[in-house]
Amino acid sequence: MPNPLKRPSRPGERSANGAGANGSNGASRGAQGVEAAKEGGGGLVGWVDERSGATGFLTGMMFRKVPKGTNWFYTLGSATLFAFTAQAITGVFLAMYYTPSPTEAYESITHLTNDVWMGEFVRGMHKWGATVMICLIFLHMGRTFFFGAYKYPRELNWVIGVVLLILTLVMGLTGYLLPFDQRSYWATVVANNITATGPVVGPYLADFLRAGPEVGATTIQRFYAIHMLLVPGLIAALIGAHMYLVVKLGTTAPPWLKAERPKNARKKTEVG
Amino acid sequence: MKQSDKEQYLIEYEVLKKKGKPFFPYAVAKDSAMALVVVLVIVVMSLVLGAEQGPKVDPTTTTYVPRPEWYFFFLFELLRVIKPPELVPLATIGIPTICMVLLLLLPFYDRNPERRPQRRPIATTAGILTIIAMAYLTFLGAAAGTPTEIDLEVAAEYEPGKQVAAQSGCLACHKIGENGNDGPGPELTEIGARLPREAIARSLRNPPQGMPNFSGLPAEKFDDLTLFLASLDGE
Ligand code: HEM
């Protein structure tokens, strides 16, 4: 009888190096499934786990080993992730008060800044959080560059990272227009003119962004949609892929650490 | 990277990983401490620096110097370093695009298996030079400030136009006398000798690439401005 609870192996399990995760070599699989069916009865956690296998994945992820020598430079990636989360949260609160229209945008920000409880504070967090996130993403990129962490087998994660960098800069650019004060307006005019000088697609892209003969009503709505839906969605999805690869491949050991050759090094090509 | 290098790496990595500590709690503790620092920095910046609102947008009076966020200064400065107009698209689009493509493809052309920074002199030097160049350009951008003053001595009749020029942000891209930035636009100190007044007015109404449109200026200010610029003939 085919075992109904048999499930495909999940990423965390394989990279767990035996530390905590359920063993997942094919032979024990079936039995394990039955076990899950037996144990799964207890409580909400058990219920969710029986249907998702989440604990296996989570223990695998949490108790996976990080290589010897992992130091503070390795916190820069998660710090970037944290800054992005902070931006998402403060951004939601800003969106509750902001109106993306050229006649009301400025006033809605004035209202938010002056009248709303903690309004200026949250706006400040979003504004300076952007600066902090940019700094962190560059530092994190610098770390992976100087540590040679973009080399085999992590090339793909570097490529995803560069796309994340570009998208983060796009966030900075589109967010800058939204307060719709003089600074932001004129900076956007210049940025748009610069885009228009680009070869082939430049003029079309500039037209698309401006969405009209001048930077104005339609531009601000477009930038708003890009800034709070399109790009954050892409960033979140790509961070997911980035994190998946980090867990799957493991983070590098610092480059100056050389492993002494293990005595009877078995040839083992499995990653992670 | 040769197949043997790959295998070698994976074997060594496996050993170093086995000797490591579990992600939880060791790495999680460090990450959390770092997250705390990040949130503290953001909160302190927000409290100390606040979130001031600039003057309301006004497309007609252009009294504002277009200035990007500080993290785009290096791009903006690039425009100033590269002056010849036919090269402007290169600076605005070409160089950033090339840099991004080079960055994206890095793992594909740097196929050296070595990872220690001191054993990768080319990569490490290139990285450090890039950082220095970006820091220098950012510094230049920050030091350029928000220029709204023109120190040129002019006859009284040209004073109003001088004020308009100073307030309209021309100095962000043009040098006039001792003030303003040397690029991306050409120096205007002797513009009157090069262009008649009508041609200057045309440049403002149908601006060349990379310059905002100033046709929205009130007619009187516009006239003052062109009068002032046409008077700058190097005398
Ligand atoms: C939204 C932006 C980003 C987030 C949230 C993020 C997050 C992370 C995290 C949490 C790690 C785990 C190791 C560590 O923290 O150092 C990591 C690793 C890595 N990241 Fe990012 N990252 C981002 C952007 C980038 C960028 C811009 C690059 C490079 C162009 C990049 C390249 C890499 C590489 C190559 C690794 C593997 C490092 C290793 O195994 O030692 N990431 N990232």
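Residue numbers (my numbering), protein chains in the order written: chain U, 73 to 344; chain P, 19 to 253. Quick reminder that beta carbons are idealized off the backbone N, C-alpha and C, glycines included. Note that the structure is a prediction, hence the values are computed from the model and not measured.
{"Check": "From G322(U), G270(U), L237(U), A283(U), residue whose alpha carbon lies closest to that of M311(U)", "Outcome": "Going by the sequence as given, residue 311(U) is Ile instead of Met. Of the listed residues, the one whose Cα sits closest to I311(U) is L237(U)."}
{"Check": "E196(P) classed as buried or exposed, judged by whether at least 16 other C-beta atoms fall within 10 angstroms", "Outcome": "exposed"}
{"Check": "Contacts of A283(U) in chain P (Cβ-Cβ under 7 Å)", "Outcome": "The premise fails here: A283(U) is roughly 15 Å from chain P at the closest Cβ pair, so nothing lies under 7 Å."}
{"Check": "Sub-9 Å separation of T323(U) and A221(U) beta-carbons", "Outcome": "yes"}
{"Check": "CA nearest to the CA of L208(U), picked from G233(U), W189(U), E179(U), M190(U)", "Outcome": "G233(U)"}
{"Check": "Closest Cα partner of I60(P) within the set T216(U), F193(U), F252(U), T175(U)", "Outcome": "F193(U)"}
{"Check": "Chain P contacts made by the segment 275–304 of chain U, where a contact means CB separation under 9 Å", "Outcome": "E286, V287, G288"}
{"Check": "Boundaries (first-last residue) of the alpha helix (DSSP H) holding A141(P)", "Outcome": "139–161"}
{"Check": "Reduced DSSP category for K193(P) - H, G, I as helix; E, B as strand; rest coil", "Outcome": "strand"}
{"Check": "Near-chain P residues of the segment 146–172 of chain U (beta-carbon distance less than 8 Å), N- to C-terminal order", "Outcome": "Y146, T147, L148, S150, A151, F154, A155, A158"}
{"Check": "Y89(P) versus E208(P) - alpha carbon distance", "Outcome": "33 Å"}
{"Check": "I206(U) beta carbon near ligand 1 (any heavy atom closer than 8 Å)", "Outcome": "no"}
{"Check": "Backbone CA spacing between F246(P) and E238(P) [nearest angstrom]", "Outcome": "12 Å"}
{"Check": "Short-range partners of chain P found in the segment 304–317 of chain U, where Cβ spacing is below 8 Å", "Outcome": "none"}
{"Check": "Extent of the continuous alpha helix (DSSP H) run through V287(U)", "Outcome": "Per DSSP, V287(U) belongs to no alpha helix (DSSP H) and is neither H nor E."}
{"Check": "DSSP state of K223(U) mapped onto helix, strand, coil", "Outcome": "coil"}
{"Check": "Residue-chain proximity (A69(P), chain U), Cβ-Cβ < 9 Å", "Outcome": "yes"}
{"Check": "Near-chain U residues of the segment 123–135 of chain P - C-beta to any C-beta below 9 Å", "Outcome": "L123, L124, P125, F126, D128, R129, N130, P131, E132, R133, R134, P135"}
{"Check": "Closer than 8 Å: V119(P) CB and nearest ligand 1 heavy atom", "Outcome": "no"}
{"Check": "Endpoints, alpha helix (DSSP H) assigned at D76(P)", "Outcome": "Segment: none, D76(P) is in no alpha helix (DSSP H) and carries neither H nor E."}
{"Check": "W119(U) burial status per 10 Å Cβ neighbour count (16 or more: buried)", "Outcome": "exposed"}
{"Check": "8 Å Cβ shell around G177(U) - same chain, five flanking residues per side excluded", "Outcome": "Looking at the sequence shown, residue 177(U) is not Gly but Ala. The residues are Y170, T171, L250, P251, F252, I292."}
{"Check": "T148(P): CB within 8 Å of a non-hydrogen atom of ligand 1", "Outcome": "no"}
{"Check": "Chain P contacts made by the segment 239–260 of chain U, where a contact means CB separation under 7 Å", "Outcome": "G244, Y248, P251, F252, D253, Q254, R255, Y257, W258, A259"}
{"Check": "Spatial neighbours of M349(U) in its chain, beta-carbon cut-off 7 Å, leaving aside the 5 residues before and after", "Outcome": "The displayed coordinates of chain U run from 73 to 344. Any statement about residue 349(U) would go beyond what the structure contains."}
{"Check": "Collapsed DSSP secondary structure at P178(P) in the structure displayed", "Outcome": "helix"}
{"Check": "Closest by C-alpha distance to R212(P), when choosing among N199(P), D251(P), N224(P)", "Outcome": "D251(P)"}
{"Check": "Bounding residues of the alpha helix (DSSP H) (the contiguous stretch that carries K48(P))", "Outcome": "46–67"}
{"Check": "Under 8 Å by beta carbon: chain U residues contacting T142(P)", "Outcome": "F218"}
{"Check": "Length of the line joining the Cα atoms of P327(U) and V235(U)", "Outcome": "25 Å"}
{"Check": "Chain-ordered chain P contacts of I266(U) [CB-CB under 7 Å]", "Outcome": "T110, G228"}
{"Check": "Chain U contact residues for E104(P), given Cβ-Cβ distances below 9 Å", "Outcome": "What E104(P) touches in chain U: nothing, since even the nearest Cβ is about 11 Å away."}
{"Check": "Contact under 9 Å by Cβ, G187(P) with L97(P)", "Outcome": "no"}
{"Check": "Range of the contiguous alpha helix (DSSP H) that encloses T131(U)", "Outcome": "126–134"}
{"Check": "Cβ separation of V138(U) and G38(P), assumed to be a contact under 8 Å, to the nearest whole Å", "Outcome": "5 Å"}
{"Check": "Cβ pair R215(U), F135(U) closer than 9 Å", "Outcome": "no"}
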